[in-house]
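In my numbering, the protein residues as written are 762 to 1098. Below is one structure; the comments refer to it alone.
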Amino acid sequence: MERARKKWTIAIVVASVILVLLLIGLGLVWFLGGDAQGAKSACTKASQDLTKQSTSLQETVTQAEQVISATDATQLSDPQLLQDLKLKSQQAGKVVKPLDCGAGLKKEQLASNASEMMATTEKLAAQQADLEDAISAVENAQNAKGLEQQKQELTDTVKQGDDLMKQAEEAKVDDTATLAALSAQLEDAKRLLEQVNDLKQVSDDKVGELNESMRAAKDRLDEDIAAVTKAITQKKEEQAKKDAEEQLKQLEQQRLEQERQASERAEQLRRSQSPSPDPSGNNGSNPNGTNGKKDATCTVGSTMTDAKGEQWKCVTILDSNTGVAAPTWVQEGSPQG
């Protein structure tokens, strides 16, 4: 509706200007009267102005073609704007040549040509203004679409930052300065997003400013996210190293314990495999002459069988020479002095 009203306004203004210029041209004819040189000068001036305006319009057409070439309709909030720009660019692309202002023309023709070229100049100026508006409309629509994309990118980055803060807490990162920097940037970015979301309508000149603000906020967040990610990685590496050292320590303790237990078992085995008592029952090492033998593995009450199948029993025997009682193997059935 706004664009339609603007088009009608431009059309009315152009028509009014053309009418005024025609009247001016007729006035020139009347004013100049028989002065053919004055009519030629007016015609020449109108020709120069038309050439200048035509050149300016073609430059705008070139700009429009560049915008068209670089714009994807799917990236616009209103794809029809690109079609409008293409149409207006094609219409404005028609080159307008100035009319003749030769010396052979009569003053009336010169004045008429001057008036017509003045009207054409104004028409081209209005056409250029309309084309510039179409270019701006496409660029603004592209900016509006870009605003949504930029807002989504910043929203995603904020979520990434929040998740990273949780990971840092779980990893027990103690780099408070780095964490504080990211936390501050997250708060700023969230406030900016709230401001953007609260806007009911964004003016064209405000779109670029908001895009730049959100882009800068995202860049700052990316830097702090990278720093916190590095801190988390370092903390995990430190913890992994600590865990590995602790595991090695535990393994060493287990190894020592296994060696100790193996040593005890070996000692027990050695004791259990010590020499049996003399099966003859006559052990000259026994000072009391009893049929038996003292042994370190002899436990009072225990029994054993020697290689010949004879039974032995460990008993306490008093040594008559020393008066000391000691456990001694004796063959069952033998006197236990």
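Glycine included, each C-beta is placed from N, C-alpha and C at the ideal position.
Item                                                                                       : Value
Rounded separation between A1027 and E1093 - CA only                                       : 30 Å
First and last residue of the uninterrupted alpha helix (DSSP H) at A932                   : Counting along the chain, A932 falls outside any alpha helix (DSSP H), and DSSP gives it neither H nor E.
Three-state secondary structure assigned by DSSP to K1074                                  : strand
Same chain only: Cβ atoms within 8 Å of A864, ignoring 5 sequence neighbours per side      : K801
Helix, strand or coil at V856 [DSSP, three-state]                                          : coil
Rounded separation between I993 and A941 - CA only                                         : 14 Å
Closest residue to Q911 among M975, A929, E900 and V899 (Cα-Cα distance)                   : M975
L848 in three-state terms, based on DSSP                                                   : helix
Counterpart residues of M1065 in DSSP-defined beta bridges                                 : W1073
C-alpha gap between L848 and I986, whole angstroms                                         : 47 Å
Distance, E955 Cα to Q889 Cα                                                               : 39 Å
Residue range of the beta strand (DSSP E) that includes A1087                              : A1086 to Q1092
DSSP beta-bridge partners of L1079                                                         : A1086
Where the alpha helix (DSSP H) through A800 begins and ends                                : A797 to A831
Rounded C-alpha distance that separates P859 from A895                                     : 26 Å
K1003 to E1013 span [Cα, whole Å]                                                          : 15 Å
Given E1071 as reference, the closest of V1091, N1082 and A1087 once Cα atoms are compared : V1091
Under 8 Å between C-beta atoms of Q814 and T916                                            : no
Under 8 Å between C-beta atoms of A825 and L846                                            : yes
Secondary structure of T835, DSSP reduced to three states                                  : helix
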